[in-house]
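Undergrad: Residue numbers (the numbering used here): 2 to 272. Quick reminder that beta carbons are idealized off the backbone N, C-alpha and C, glycines included. Remember, predicted model here, so these are calculated numbers, not experimental data. Following this message is one structure expressed as structure tokens.
Below you can see the structure in the form of structure tokens.
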């Protein structure tokens with residue numbers, strides 16, 4: 002049995018077009034990812050900057066859209082609030098509207114340091130023109146040793162929390178976190194678009210050079226065509242001149258031959 006001669010497959014323009022489309026699709030995906038990372042980085046940078054430098058009502062508590070943002074540090078409010086939770090409070094305009102069981106954030110002193118704390122209202126006392134609040138952690142066996150003056154209350158817990166985001170929020174406030182989460186992604190974005198800029202610039206220059214080359218090539222081809230036409234005309238003129246010269250020569254030879262024949266005929270008749 003004879004084997005058939007097989008022709009090796011030849012790549013066509015369709016395969017090249019498919020490769021170009023796939024490359025373009027990959028570039029679009031990379032661009033979308035980079036843009037998404039950039040938006041997130043810019044958003045985090047804005048939040049971090051705002052939280053670091055902007056405060057509301059002189060309380061020293063960061064606020065966004067009227068909501069105070071706080072991260073839980075201890076287990077004193079477990080299981081209602083866990084360490085690492087990010088909670089949102091609203092400002093308290095009327096302390097008299099607060100009731101026992103509400104969760105509030107307030108300034109207090111712990112281990113000799115003035116800090117924010119978030120606990121339940123355990124009891125409410127009339128201080129004679131102002132209110133005094135006794136607080137207690139959900140996970141603590143007894144009430145807090147220090148009471149809270151109504152002026153020390155920062156906000157009331159809205160019931161909205163994001164588990165785990167408090168740790169990220171705290172980490173973002175550190176110089177290392179800001180560097181890793183914000184600065185480095187923005188720097189990568191800058192490098193990416195710098196490369197894209199130069200790539201587009203090089204492509205533009207290549208296209209410009211290609212157009213210039215095609216224009217020069219077109220002028221060269223026109224010049225060659227003109228020279229070829231001129232050469233062809235010169236050849237035609239030379240050929241026409243040669244033909245005319247040949248015709249004149251033949252005519253002269255023919256006339257000379259006729260004259261010679263007439264002369265011979267005349268001599269024969271005279272004899």
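Given this structure, state the Cα-to-Cα distance separating residue 202 from residue 172, to the nearest angstrom.
TA: Sequence index remark: in the chain shown, residue 202 carries index 201 (1-based). Sequence index remark: in the chain shown, residue 172 carries index 171 (1-based). So the two alpha carbons sit approximately 40 Å from each other.
Undergrad: Please state whether DSSP places residue 37 in a helix, a strand or coil.
TA: Along the chain shown, one-based indexing puts residue 37 at 36. Helix.
Undergrad: Enumerate in chain order the residues of its own chain whose CB-to-CB distance from residue 59 is below 7 Å, with the five nearest sequence positions on each side excluded.
TA: The residue you call residue 59 lines up with position 58 of the chain shown. Because the pLDDT at residue 59 is just 48, under 50, the model does not fix this residue reliably, and the value given afterwards should be weighed accordingly. Counting only Cβ-Cβ distances below 7 Å, and skipping sequence neighbours, we find nothing.
Undergrad: DSSP on residue 74, reduced to helix/strand/coil?
TA: The count along the chain shown starts at 1 and reaches residue 74 at position 73. DSSP places residue 74 in coil when its eight states are reduced to three.
Undergrad: Name the DSSP beta bridge partners of residue 107, please?
TA: Within the chain shown, residue 107 is the residue found at index 106, counting from 1. Paired residues: 118, 154.
Undergrad: Could you tell me whether the region 32-41 touches the region 187-207, using the rule of 3 or more Cβ pairs below 8 Å?
TA: The region 32-41, when compared against the region 187-207, does touch it at the 8 Å Cβ threshold.
Undergrad: First and last residue of the alpha helix (DSSP H) that includes residue 169?
TA: Counted from its first residue, the chain shown places residue 169 at position 168. Counting along the chain, the alpha helix (DSSP H) containing residue 169 begins and ends at 166-174.
Undergrad: For residue 136, is the classification buried or exposed, using 16 other Cβ atoms within 10 angstroms of its Cβ as the cut-off for buried?
TA: Looking up residue 136 in the chain shown gives position 135. Flag for residue 136 reads buried.
Undergrad: Residue 133 bridges to which residues according to DSSP?
TA: Position 132 of the chain shown, counted from the first residue, corresponds to residue 133. Answer by DSSP bridge pairing, in chain order: 126, 150.
Undergrad: Take residue 139 as the anchor and find which of 163, 101, 168, 156 has the nearest alpha-carbon.
TA: Residue mapping note: residue 139 aligns to position 138 of the chain shown, counting from 1. Looking at the Cα atoms, 101 is the closest of the given residues.
Undergrad: Does the separation of the CB atoms of residue 104 and residue 121 fall below 9 Å?
TA: To locate residue 104, count along the chain shown from 1; it is residue 103. To locate residue 121, count along the chain shown from 1; it is residue 120. Cβ atoms of residue 104 and residue 121: closer than 9 Å.
Undergrad: Would you kindly check if the distance between the Cβ of residue 87 and the Cβ of residue 169 is under 9 Å?
TA: Counted from its first residue, the chain shown places residue 169 at position 168. Counted from its first residue, the chain shown places residue 87 at position 86. Yes. Within cutoff.
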